[in-house]
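What follows is a single structure, written as structure tokens, with notes after it.
Numbering (this note's numbering), first residue to last: 215 to 437.
As structure tokens, then:
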């Protein structure tokens with residue numbers, strides 16, 4: 215059985231939970247082999263890369279690990295519903311990003327939605343960063359905050375378009391946390407926390423799963 219090392223922390227002034235699990239999968243090399251054999255398509259939904267289906271065993275094996283790691287950090291719940299889960303590889307060059315891909319984002323507004331990132335690159339290909347929007351002070355975006363946030367952001371971006379992937383502090387955003395990529399490490403956090411892949415300017419952005427920034431990205435609803 216895999217020896218999971220679970221670290222729990224609270225990030226930013228809003229104190230959102232972030233769970234880091236090292237040794238997440240029992241056989242990560244087998245998952246890399248599945249990824250290398252996979253069939254990839256453009257991701258859509260503003261993800262700057264490509265995605266492929268997971269083997270059936272992935273969720274069967276990892277959902278119990280996720281449930282234990284969630285604990286009660288994210289509130290009480292009775293079940294976990296899988297919204298989406300796939301292999302993902304960042305492939306878009308910094309100068310080819312659209313403006314939405316150059317900014318921190320959220321993947322859902324509800325506090326019942328949980329995101330997973332599972333790093334499977336053999337070498338460091340960039341971790342995950344979390345941010346505070348300076349003008350509003352927001353670190354999470356819900357339905358009430360969204361109009362305020364996006365109105366302010368639209369005006370800021372029109373005045374000074376951002377360049378490349380966001381990794382550290384900028385004039386518009388302050389980084390509140392950075393988790394480095396580590397082979398077979400996974401992160402769990404609420405989908406409404408402002409975040410971005412920490413993709414360095416000189417990062418390897420190969421579409422080859424054996425060379426590029428290979429992760430599993432997944433989204434869950436707890437109820």
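No residue lacks a Cβ here, since even glycine has one placed at the ideal position from N, Cα and C.
Could you tell me which residues DSSP pairs with residue 296 in its beta bridges? Answer by DSSP bridge pairing, in chain order: 434.
Measuring straight from C-alpha to C-alpha, what distance separates residue 300 and residue 309? Straight-line Cα distance between these residues: approximately 26 Å.
Classify residue 342 as buried or exposed, calling it buried when 16 or more other Cβ atoms lie within 10 Å of its own Cβ. Residue 342 comes out buried.
Express the C-alpha separation of residue 350 and residue 363 in angstroms, rounding to a whole number. Distance between the alpha carbons of residue 363 and residue 350: 7 Å.
Residue 244, enclosing alpha helix (DSSP H) - first and last residue: Counting along the chain, the alpha helix (DSSP H) containing residue 244 begins and ends at 242 to 250.
Exposure of residue 347, with buried meaning 16 or more beta-carbon neighbours within 10 Å: Residue 347 is buried by the Cβ-count criterion.
Are the CB atoms of residue 325 and residue 406 within a distance shorter than 8 Å? Cβ atoms of residue 406 and residue 325: closer than 8 Å.
Counting only runs that start and end within the segment 339 to 380, where is the beta strand (DSSP E) found for 3 or more residues in a row? Within the segment 339 to 380, the complete beta strand (DSSP E) segments at least 3 residues long are 342 to 347, listed from N- to C-terminus.
Where residue 244 and residue 370 are concerned, what is the direct C-alpha to C-alpha distance, given to the nearest angstrom? About 45 Å.
Segment contact, 8 Å Cβ cut-off, at least three pairs: the segment 221 to 231 with the segment 399 to 419: Inter-segment contact for the segment 221 to 231 and the segment 399 to 419 is present: three or more beta-carbon pairs are separated by less than 8 Å.
Leaving aside the five residues before and after residue 391 along the sequence, list all residues of the same chain whose C-beta is less than 6 Å from its C-beta, in chain order. If we look at residue 391 and ignore the five residues flanking it on each side, its Cβ neighbours are 225 and 344.
For residue 267, name the three-state secondary structure that DSSP assigns. Three-state DSSP puts residue 267 in a strand.
Determine which residues share a DSSP beta bridge with residue 304 and list them. Beta-bridge pairing links residue 304 to 263 and 427.
Skipping 5 residues on each side, what residues in its chain have a beta carbon closer than 6 Å to that of residue 227? Counting only residues of its own chain and dropping the five nearest sequence neighbours on each side, residue 227 has no CB closer than 6 Å to any other CB.
Measuring CB to CB, does residue 423 end up less than 8 Å from residue 252? Yes, Cβ-Cβ distance for residue 423 and residue 252 is below 8 Å.
Using 8 Å as the threshold, is the C-beta distance between residue 264 and residue 305 below it? Yes, these two residues count as a Cβ contact at 8 Å.
Residue 239 versus residue 313 - alpha carbon distance: Roughly 34 Å separates the two Cα atoms.
Inter-residue spacing [alpha-carbon to alpha-carbon] between residue 365 and residue 372: Going from the Cα of residue 365 to the Cα of residue 372 covers about 11 Å.
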